[in-house]
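The sequence shown runs 1 to 285 under our numbering. For each residue, glycine too, the CB sits at the ideal point set by N, CA and C. These notes are about the structure you will find just below.
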Amino acid sequence: MRKKINQSLGFFFLSLAVTVTIFFLSVLLYFIFSRGFRIISWEFLTAVPRKAMTQGGVAPAIIGTLYLTLGAIIFSLPIGLACAIYLCEYTPKSFVVNIVRISINNLAGVPSVVFGLFGLAVFVKFLNFGVSILSGSLTLGIMVLPSIISAAQEALLAIPQSYREASLALGATKWQTIKKIVIPSALPGIMTGVILSIGRVAGETAPIMFTAATFYKRGYPKSIFDEVMALPYHIYALMTEGVHPAQQKDIAYGCAFILLIIVLVISAVAVIIRGVQRSKYGLQS
1 MRKKINQSLG
11 FFFLSLAVTV
21 TIFFLSVLLY
31 FIFSRGFRII
41 SWEFLTAVPR
51 KAMTQGGVAP
61 AIIGTLYLTL
71 GAIIFSLPIG
81 LACAIYLCEY
91 TPKSFVVNIV
101 RISINNLAGV
111 PSVVFGLFGL
121 AVFVKFLNFG
131 VSILSGSLTL
141 GIMVLPSIIS
151 AAQEALLAIP
161 QSYREASLAL
171 GATKWQTIKK
181 IVIPSALPGI
191 MTGVILSIGR
201 VAGETAPIMF
211 TAATFYKRGY
221 PKSIFDEVMA
231 LPYHIYALMT
241 EGVHPAQQKD
251 IAYGCAFILL
261 IIVLVISAVA
271 VIIRGVQRSK
281 YGLQS
């Protein structure tokens, strides 16, 4: 009887936690969508800002956000996956390896502004990339690298050892086993880490303030060494600077709406890829 009561209480608190989370998420989405949707128009999505950011659109900020997000993922995903493969498949379990894994997990909790200062010192100043798409993408990529490594490690470790043993027994080499069996089977878990990283990269303001973003830029970037407008920094600038707060506030909500849509669309594509991989290899969702 006591076990049933404890079980019922446990399910109740779990259900309550899920309900509260969904409630506040719904309130947040409604708050942003209700205020941002009314300002959305074709001109707002395709035009450049005009008249002290009170008219026109935010197309350069949308393009800049996409450049920075994709650049960061393109940089961090191969390196993060390679690091996870090396730690899980090629290094024996030891105290040193455990320290490395703990250090990677700790790096995931470093404040983003610290990564911004690192990017300013290394990419902008030392390597002389300047305030540019390249500097911002590299900074954001390093910021999410620990998260991608941790997610990839968990996904690789979750693959049964019998998969590896069966492949090796059939004459495959270790690398063929990793490439053909382990990585495809672990891809759904890896994509989960990528999805979370996309959300963080697209919404970060502090790192790109020092390395990539500008308040206003005439036209679109022509190379990776150009500075860009970006939605997170544009929202910050609209809400803290300028002499027309009433008009700028509405534009800021519109930018927040677009930013959420971009993150949801990119994440949806990643979720679809993850679902295809799970179906292909008969993995449970």
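{"query": "Residues in its own chain within less than 7 Å of L107 by CB, not counting five upstream and five downstream?", "result": "P146"}
{"query": "Enumerate in chain order the residues of its own chain whose CB-to-CB distance from S135 is below 7 Å, with the five nearest sequence positions on each side excluded.", "result": "G119, F123, V124, F129, T211 and A212"}
{"query": "Can you list, in chain order, the residues of its chain with a C-beta nearer than 6 Å to that of A268? Leave out the 5 residues immediately preceding and following it.", "result": "none"}
{"query": "Residues in the same chain with beta-carbon distance under 6 Å from G186, minus the five sequence neighbours each way, listed in chain order, please.", "result": "The sequence given here places Ala at residue 186; Gly does not occur at that position. Correct list, in chain order: A155, L156 and I159."}
{"query": "May I ask you to report which of helix, strand or coil DSSP gives G56?", "result": "strand"}
{"query": "Tell me whether the region 213 to 224 and the region 60 to 76 touch, counting them as touching only if at least three CB pairs, one residue from each stretch, are closer than 8 Å.", "result": "yes"}
{"query": "Using only alpha-carbon positions, find the residue among L81, S150 and R38 that is nearest to I183.", "result": "L81"}
{"query": "Could you please give me the residues that DSSP links to A213 through a beta bridge?", "result": "V228"}
{"query": "Specify, as a first and last residue, the run of the alpha helix (DSSP H) that M191 falls within.", "result": "I183 to G203"}
{"query": "Grab me the residues of M191's own chain with a C-beta within less than 8 Å of its C-beta, minus the 5 sequence neighbours each way, in chain order.", "result": "A270, V271, I273, R274 and Q277"}
{"query": "Under a three-way DSSP split, which group does R2 fall into?", "result": "helix"}
{"query": "Where are the alpha helix (DSSP H) runs, 4 residues long or more, that stay fully inside the region 42 to 121, in chain order?", "result": "42 to 46, 59 to 85, 95 to 107 and 112 to 119"}
{"query": "Closest to I142 by CA distance: which of G36, I79, V263 and S279 is it?", "result": "I79"}
{"query": "Taking DSSP as the reference, what is the three-state secondary structure of F129?", "result": "coil"}
{"query": "Just how far apart, CA to CA, sit W175 and L168?", "result": "10 Å"}
{"query": "Taking just the CA atoms, how far does T65 sit from W42?", "result": "18 Å"}
{"query": "For Y236, name the three-state secondary structure that DSSP assigns.", "result": "helix"}
{"query": "Please report the distance separating the alpha-carbon of F215 from that of G10.", "result": "50 Å"}
{"query": "Going by the beta-carbon positions, is the gap between F33 and F257 smaller than 8 Å?", "result": "yes"}
{"query": "With a threshold of 7 Å on Cβ separation, who are the neighbours of V294 within its own chain once the five nearest residues in sequence on each side are excluded?", "result": "Because the chain here runs from 1 to 285, residue 294 falls outside it and cannot be looked at."}
{"query": "Classify M1: buried if its beta carbon has 16 or more other beta carbons within 10 angstroms, exposed otherwise.", "result": "exposed"}
{"query": "Assign F12 to buried or exposed, taking buried as 16 or more other Cβ atoms, counted over all protein chains shown, within 10 Å of its Cβ.", "result": "exposed"}
{"query": "Taking the alpha-carbon positions, what's the K217 to I40 distance?", "result": "21 Å"}
{"query": "With a threshold of 16 other CB atoms inside 10 Å of the CB of K4, please say whether the residue is buried or exposed.", "result": "exposed"}
{"query": "Can you check whether the CB of I104 is closer than 8 Å to the CB of S150?", "result": "yes"}
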